[in-house]
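Residue numbers (the numbering used here), protein chains in the order written: chain A, 1 to 112; chain B, 113 to 225.
All residues carry an ideal CB built from backbone N, CA and C; glycine is no exception.
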C-alpha cells in the first residue's frame, strides 16, 4: 500500500485566496483525521471522520475552514479566504477503528 | 484523556540506549499508553503501545510501571536516524471506538555521534 497520500506537498498562495488540501487515506481504513502543526501550537487536531461522517470539528479554527469526505477514499480541507496565520503543515491521517494511526507526508502551506 | 508529561529534550550518544520517560499519573484503567515519533519534515510514526504489561517490537521496548502512572520508551541502540520528537499519548482502549489521538509537545531526542 502507498500509505496516506496528501497533495500538494507544498502550497504557496496569497492572502484571500482559496486553498484546497487533498488526502487519500489507506484503503480499508474507516477513520480519517486532519491535523495542523505549527511551532507555536504543536500538532492540533482539526476534524475527524468515521465512515465518511464528520464526528468532531471543534478543532476547526474558524468558519473559513471546511472539510469534506465524499467517499471512503478521498477527503479535502478547504480554507477560504486564506490568511497568513493559516501558514502551517497540515497532516492527514487514517486508521482502522482503534488501531494505530498512519500519517501522510503533510502539506506545507504558506500564505503570503 | 489523561494528560502526559515529558521532558522537552534529551541527548543520547549513538549506539547507547535512549530511555525516554513519560508521566501519566492520572491515567484511567481503560487507557493505553501510545508512543509516536516525528522525524523532521515527516508525519508522526507509530512506535509501540501497551496497557500494563511491558511490550517489545522491532523498534523499541515499552516499560510501564506497576501502578501505570509512568512509562519509559527504550531505544536499545540509538542511531542518528532516531533523532526525532517522541510523543507519549494515552487514550481509551480499542473498545471505546475511534477517539482521536491528542498530541502534546513531546521530547526532542538528539542522538549524537
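Check the C-beta distance from residue i over to residue j and give it rounded, since I have them as a contact under 8 Å.
{"i": "residue 67 (chain A)", "j": "residue 77 (chain A)", "result": "5 Å"}
{"i": "residue 95 (chain A)", "j": "residue 27 (chain A)", "result": "In fact, because the Cβ distance is near 12 Å, the residues do not count as touching under 8 Å."}
{"i": "residue 199 (chain B)", "j": "residue 144 (chain B)", "result": "With 8 Å as the limit, residue 199 (chain B) and residue 144 (chain B) do not qualify as a contact, their Cβ atoms being about 14 Å apart."}
{"i": "residue 98 (chain A)", "j": "residue 4 (chain A)", "result": "In fact, because the Cβ distance is near 17 Å, the residues do not count as touching under 8 Å."}
{"i": "residue 79 (chain A)", "j": "residue 65 (chain A)", "result": "6 Å"}
{"i": "residue 60 (chain A)", "j": "residue 46 (chain A)", "result": "5 Å"}
What is the residue span of the beta strand (DSSP E) that residue i lies within?
{"i": "residue 18 (chain A)", "result": "Looking at the DSSP string, residue 18 (chain A) is not in any beta strand (DSSP E), and its letter there is neither H nor E."}
{"i": "residue 33 (chain A)", "result": "31 to 38"}
{"i": "residue 135 (chain B)", "result": "130 to 135"}
{"i": "residue 42 (chain A)", "result": "42 to 50"}
{"i": "residue 12 (chain A)", "result": "10 to 13"}
{"i": "residue 69 (chain A)", "result": "65 to 71"}
{"i": "residue 162 (chain B)", "result": "157 to 162"}
{"i": "residue 56 (chain A)", "result": "53 to 56"}
Leaving out five residues on either side along the sequence, give the residues of the same chain with a beta carbon under 6 Å from the beta carbon of residue i.
{"i": "residue 113 (chain A)", "result": "Coverage of chain A is limited to positions 1 through 112, which leaves residue 113 (chain A) absent and any answer about it impossible."}
To the nearest angstrom, report how far apart residue i and residue j are at their CA atoms.
{"i": "residue 130 (chain B)", "j": "residue 16 (chain A)", "result": "46 Å"}
{"i": "residue 178 (chain B)", "j": "residue 109 (chain A)", "result": "44 Å"}
{"i": "residue 141 (chain B)", "j": "residue 157 (chain B)", "result": "25 Å"}
{"i": "residue 117 (chain B)", "j": "residue 123 (chain B)", "result": "18 Å"}
{"i": "residue 81 (chain A)", "j": "residue 18 (chain A)", "result": "5 Å"}
{"i": "residue 215 (chain B)", "j": "residue 84 (chain A)", "result": "24 Å"}
{"i": "residue 151 (chain B)", "j": "residue 53 (chain A)", "result": "31 Å"}
{"i": "residue 161 (chain B)", "j": "residue 183 (chain B)", "result": "11 Å"}
{"i": "residue 20 (chain A)", "j": "residue 42 (chain A)", "result": "22 Å"}
{"i": "residue 74 (chain A)", "j": "residue 22 (chain A)", "result": "7 Å"}
Which residues in the same chain as residue i place their Cβ atom closer than 7 Å to its Cβ, once the five residues preceding and following it in sequence are excluded?
{"i": "residue 126 (chain B)", "result": "190, 191, 192, 223, 224 and 225"}
{"i": "residue 106 (chain A)", "result": "6, 89, 90 and 91"}
{"i": "residue 164 (chain B)", "result": "176 and 180"}
From the DSSP output, in three-state form, read off residue i for me.
{"i": "residue 84 (chain A)", "result": "helix"}
{"i": "residue 123 (chain B)", "result": "strand"}
{"i": "residue 193 (chain B)", "result": "helix"}
{"i": "residue 181 (chain B)", "result": "coil"}
{"i": "residue 143 (chain B)", "result": "strand"}
{"i": "residue 215 (chain B)", "result": "coil"}
{"i": "residue 153 (chain B)", "result": "coil"}
{"i": "residue 4 (chain A)", "result": "coil"}
{"i": "residue 95 (chain A)", "result": "strand"}
Note down, in chain order, each residue of its chain lying with its Cβ closer than 8 Å to the Cβ of residue i, except the 5 sequence neighbours on either side.
{"i": "residue 188 (chain B)", "result": "129, 172 and 173"}
{"i": "residue 213 (chain B)", "result": "146, 148, 201 and 203"}
Any Cβ of chain D within less than 8 Å of the Cβ of residue i?
{"i": "residue 7 (chain A)", "result": "Structure shown: chain D not included; protein chains present are A and B."}
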